[in-house]
Structure formats: structure tokens, C-alpha cells
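Working notes, beginning with the structure itself.
Chains as they are written, first to last, in our numbering: chain A, 1 to 131; chain B, 132 to 262.
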């Protein structure tokens with residue numbers, strides 16, 4: 001079933017369609033408990049129904065992108081409701097970010113490449129799993 | 132028309148639907164001309180028809196996310212063909228990355244928040260422009 005394993009930091013390669021939440025944010029200076037809360041949120045997200053994985057990077061200027069992947073829009077809505085219950089969201093907004101943009105998108109195509117696969121002009125889809 | 136301006140590093144807030152290319156990559160160690168080529172590619176992308184903006188971050192371990200936004204799937208396909216002509220793509224694959232994942236997605240919802248807007252529970256859509 002799984003011919004293919006993505007390296008650390010990458011979500012698994014699921015067969016579209018599935019959904020992505022693209023969260024781009026600018027951190028305020030200072031830690032203010034952010035690291036622990038972010039880790040807790042990531043752990044909580046991973047336990048939600050329909051969660052398929054996430055990828056995240058933040059640069060030295062505090063600009064970060066996190067993309068989480070979900071089976072359906074309903075799974076994303078349920079996660080959002082879960083977040084509303086947690087205080088973390090409002091706390092985060094007030095303390096940790098100066099600005100963010102959030103986009104929900106339907107993934108229609110997915111490809112990947114690994115150095116070990118090279119030689120093929122374009123290895124194309126080689127999915128881990130249907131979502 | 133434009134009530135709203137996003138800070139540096141953020142794409143403008145367009146009204147969905149539009150399209151996103153989510154490119155997650157692991158850089159190899161060493162510069163090998165990457166910075167200059169990446170800047171050149173970003174500049175070239177910005178000149179393409181249908182380009183709506185991009186957001187990008189790479190962390191200290193070399194894991195990076197770049198999301199570029201486009202008006203239509205056809206615009207993305209045209210940009211991809213443009214890339215095929217450029218040698219940069221193959222060079223990049225061979226030299227600069229150990230792994231990447233590329234996803235094309237249709238943005239269906241977009242929200243944002245800015246510290247200056249706070250007080251509203253959820254400021255909701257406040258688009259710069261229709262795409």
C-alpha cells in the first residue's frame with residue numbers, strides 16, 4: 001500500500017481530493033508561551049477526525065506558514081469549533097500574532113519528488129494512501 | 132476598493148475562488164546559487180498572467196513552504212510550461228532540494244486578522260480585490 005514515505009517535516013502524499021488550511025502568520029516578538037501552546041495545538045489537531053497531516057515553517061523574521069490537511073470541509077469545520085472552545089485561539093490572536101491570513105482550499109492535484117527517485121523526468125503521483 | 136492592506140510577506144486578500152500552489156521543500160546544505168535563482172524565479176512568477184501573490188518561509192533546518200496564488204488553473208499550467216523552458220527547474224531539483232511536495236488547490240474561503248482590527252470577534256472577509 002505505502003510504497004512511498006515522505007521525510008520528516010512533510011505530510012504524507014494522499015490522493016486528491018482533500019482539503020488544506022493555509023495559515024500564514026506574523027509572530028510578535030517574544031515567546032509568551034507560544035512554543036508550548038503551538039505544540040499542544042498541533043497534538044490536538046492530529047487527534048481530530050479527518051486530520052491528514054501538516055507542514056510548517058517560520059523564518060527568522062517571524063513570518064510563518066502552516067498548512068494542515070484534512071479529509072473533508074466538515075472535518076475542518078469541526079476542528080474550528082473545537083478551537084472556539086479552547087481559549088488558545090483568542091489568546092493566540094491577542095498575544096502571539098500581529099497579523100494572519102487563513103485560507104481553506106480543496107487540493108486537486110498532488111505531486112512529489114525525492115532525490116532518491118531521480119532519473120524519472122517527473123515521478124508523478126505515487127500516493128501513500130487514499131485519504 | 133482597497134480598504135485593507137496586508138503587511139509585508141503576505142499576499143493580498145483576494146475574494147475566492149482562486150488557486151494556490153503549495154510547494155513544500157527540504158533544502159540541501161549549501162547555497163549553490165539558490166538565493167539568486169529563487170529571487171529570479173519569484174520575480175518571473177510575478178510577471179505571469181494571473182499571478183496574485185505568494186507567501187514563503189523557510190526554517191533553520193531548511194524546511195520551507197511557499198504558497199503562490201493564481202487566478203485560474205490555466206494560469207498555473209502556463210507558469211508550469213514557462214518553468215519547463217527555464218533550466219532552473221531541473222537544476223533546482225538536482226541541486227537544491229532533497230525532497231519536495233507540490234499541491235495545487237482551489238481556495239474556497241479566505242479570512243484574515245490584524246492586530247489593529249482587534250475587538251471584532253472575527254473580522255471576516257475584507258477583500259482587497261476580486262481576483
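Even for Gly, the Cβ is constructed at its ideal location relative to N, Cα and C. Bear in mind the structure is a predicted one, so any value in this text is a computation, not a measurement.
Item checked: Of the listed residues B/238, B/233, B/243 and B/242, nearest to residue 172 of chain A (C-alpha basis) -> Residue 172 of chain A falls outside the range modelled here, since chain A spans only 1 to 131, and no answer is possible.
Next item on the list: Please confirm if residue 210 of chain B has its CB atom under 8 angstroms from at least one CB of chain A.
Entry: Position 79 of the second chain, counted from the start, is the residue given in the question as residue 210 of chain B. With 8 angstroms as the cut-off, residue 210 of chain B does not count as an interface residue toward chain A.
Note to self: If you reduce the DSSP assignment to three classes, tell me which class residue 186 of chain B lands in.
What the structure shows: Mapped onto the second chain, residue 186 of chain B falls at position 55. Correct three-state label for residue 186 of chain B: strand.
Margin query: Run through the DSSP bridge pairs and tell me what residue 68 of chain A is partnered with.
Written below: To locate residue 68 of chain A, count along the first chain from 1; it is residue 68. Per the DSSP secondary-structure output, residue 68 of chain A pairs in a beta bridge with A/21 and A/54.
Checklist line | Secondary structure of residue 193 of chain B, DSSP reduced to three states | finding: Translated into positions along the second chain, residue 193 of chain B becomes position 62. Reduced to three states, the DSSP call for residue 193 of chain B is coil.
Next item on the list: Measure from the C-beta of residue 100 of chain A to each C-beta in chain B and report whether the shortest distance is under 8 angstroms.
Entry: If you number the first chain from 1, residue 100 of chain A lands on position 100. Residue contact check for residue 100 of chain A against chain B: a CB pair falls below 8 angstroms.
Notebook entry, point to check: What does residue 70 of chain A touch in chain B if you count any residue whose Cβ is under 8 angstroms from its own?
Noted result: Along the first chain, read from residue 1 onward, the residue named residue 70 of chain A stands at position 70. Simply none; closest approach about 12 angstroms.
Next item on the list: Name the two residues that bound the continuous beta strand (DSSP E) containing residue 30 of chain A.
Entry: Here residue 30 of chain A refers to the residue found at position 30 of the first chain. Segment: none, residue 30 of chain A is in no beta strand (DSSP E) and carries neither H nor E.
Check: Can you list the residues of chain B that residue 7 of chain A reaches, using a CB-CB cut of under 8 angstroms?
Finding: Numbered from 1 along the first chain, position 7 holds the residue referred to as residue 7 of chain A. What residue 7 of chain A touches in chain B: 157, 229 and 230.
Next item on the list: Taking only beta-carbon positions, decide if residue 63 of chain A is within less than 8 angstroms of chain B.
Entry: In the first chain, counting from the first residue as 1, residue 63 of chain A sits at position 63. Yes, because at least one Cβ of chain B sits closer than 8 angstroms to the Cβ of residue 63 of chain A.
Check: Can the beta-carbon of residue 210 of chain B be found less than 8 angstroms from the beta-carbon of residue 179 of chain B?
Finding: Position 79 of the second chain, counted from the first residue, corresponds to residue 210 of chain B. Position 48 of the second chain, counted from the first residue, corresponds to residue 179 of chain B. Yes.
Checklist line | residue 109 of chain A - containing beta strand (DSSP E), residue span | finding: By one-based count along the first chain, residue 109 of chain A stands at place 109. Unbroken beta strand (DSSP E) run through residue 109 of chain A: 97-114.
Note to self: So, under 8 angstroms CB-CB, residue 20 of chain A and residue 153 of chain B are touching, yes? Tell me the CB distance rounded to an integer number of Å.
What the structure shows: Residue mapping note: residue 20 of chain A aligns to position 20 of the first chain, counting from 1. Residue mapping note: residue 153 of chain B aligns to position 22 of the second chain, counting from 1. Taking the Cβ atoms as the reference, residue 20 of chain A lies roughly 6 angstroms from residue 153 of chain B, within the contact range of under 8 angstroms.
Margin query: I'd like the span of the alpha helix (DSSP H) that includes residue 78 of chain A, first residue to last.
Written below: Residue mapping note: residue 78 of chain A aligns to position 78 of the first chain, counting from 1. Taken as a continuous stretch (DSSP letters only), the alpha helix (DSSP H) holding residue 78 of chain A covers 73-85.
Check: residue 69 of chain A: which of A/62, A/55 and A/100 sits nearest, CA to CA?
Finding: The residue labelled residue 69 of chain A in the question sits at position 69 within the first chain. Here the closest residue by C-alpha is A/55.
Notebook entry, point to check: With a cut-off of 8 angstroms, does the C-beta of residue 75 of chain A fall near any C-beta of chain B?
Noted result: Residue 75 of chain A sits at position 75 when you count from the first residue of the first chain. Chain B, which has no Cβ nearer than 8 angstroms to the Cβ of residue 75 of chain A, makes this no.
Next item on the list: Since I believe residue 64 of chain A is in contact with residue 170 of chain B (beta carbons under 8 angstroms), could you give me their beta-carbon distance rounded to a whole number of angstroms?
Entry: What you label residue 170 of chain B is simply residue 39 of the second chain in a count that begins at 1. What you label residue 64 of chain A is simply residue 64 of the first chain in a count that begins at 1. In fact, because the Cβ distance is near 20 angstroms, the residues do not count as touching under 8 angstroms.
Checklist line | Rounded separation between residue 137 of chain B and residue 100 of chain A - CA only | finding: Looking up residue 137 of chain B in the second chain gives position 6. Looking up residue 100 of chain A in the first chain gives position 100. Rounded to whole angstroms, residue 137 of chain B to residue 100 of chain A spans 9 angstroms at the Cα level.
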